[in-house]
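Novice: Pasting a structure here, questions to come.
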Amino acid sequence: GCNDGYIRYFKDSAKSDDSGTTDTAIDPYVTLASFPVGDGFDNEGKIKQIVLESSGGASSGDFSDTDGFSYEVHVADDAETCIENVRDAATANLSGSITGTGRKSRIRQNVRGQYATIKIYNSTISQTFGINRILVEKDIVGRLKR
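Mapping of the sequence shown onto the numbering used here: residues -19 to 126, in sequence order.
Given below as structure tokens:
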């Protein structure tokens, strides 16, 4: 039960939270653990391209296909700063939106640093999202500037 007198329960088909008199958008997101873009020592790396593959698109199954989602890529000289940037809602080094299901076009905007973190989210009412996989191509580009 809830303090507004309603008894609520989990419902697989619901895409929004029930807040009593109206539906409320769920604020789902996933943040991938920081990963090295450089070699983890003294060399910086560059993310050359990212490919996002969203769930759905098959002709069978009990659940509906994914709705669109947004992504943010944060890069920094250490893993902790990447995570702090996500927590603090700092401006991402790279961001955008994806619609539809399946493998999406390559994102070829270079970002450079030692570590990166990727955040995927969609907080639109009556929408959900699912990710099959995220592919990242990276390259070592030179010594870290301090």
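Here a beta-carbon is modelled for each residue, glycine too, at the ideal position from N, C-alpha and C.
Any idea what DSSP makes of V17, helix, strand or coil?
Specialist: Of the three classes helix, strand and coil, the one that applies to V17 here is coil, per DSSP.
Novice: What are the start and end residues of the alpha helix (DSSP H) that includes I65?
Specialist: The residue you asked about is not Ile; residue 65 is Asn in the sequence shown. That run of the alpha helix (DSSP H) goes 59 to 67.
Novice: For Q94, which three-state DSSP category applies?
Specialist: Three-state DSSP puts Q94 in coil, outside helix and strand.
Novice: Based on the DSSP secondary-structure assignment, which residues constitute the bridge partners of N73?
Specialist: In DSSP, N73 forms no bridge with anything.
Novice: Using the C-alpha atoms, what's the distance from S14 back to V31?
Specialist: Taking the straight line from one Cα to the other gives about 17 Å.
Novice: Anyone know if the C-beta pair for G48 and I87 falls short of 7 Å?
Specialist: No, the pair does not count as a contact, with Cβ atoms beyond the cut-off.
Novice: Ordered along the chain, which non-local residues of its own chain (more than five positions away) have a Cβ less than 8 Å from that of T81?
Specialist: S34, S35, G36, G37, D45, T46, listed in sequence order.
Novice: Comparing alpha-carbon positions, which option in G18, T104, N102, A69 lies nearest K118?
Specialist: If we check each option's Cα against that of K118, G18 comes out closest.
Novice: Going by Cα to Cα distance, which pick from E24, Y51, T108 is closest to P8?
Specialist: Among E24, Y51, T108, the Cα nearest to that of P8 belongs to T108.
Novice: Secondary structure at I105, three-state DSSP: helix, strand or coil?
Specialist: The answer is coil: DSSP assigns I105 none of H, G, I, E or B.
Novice: Here's the rule: buried if 16 or more other CB atoms are within 10 angstroms of the residue's CB, otherwise exposed. What is E52?
Specialist: Classification of E52: buried, given that the 10 Å Cβ count is 16 or more.
Novice: In angstroms with no decimal places, state the Cα-to-Cα distance between T61 and G93.
Specialist: Roughly 11 Å separates the two Cα atoms.
Novice: Using the Cα positions of R83 and G(-15), report the straight-line distance between them to the nearest angstrom.
Specialist: Rounded to whole angstroms, R83 to G(-15) spans 44 Å at the Cα level.
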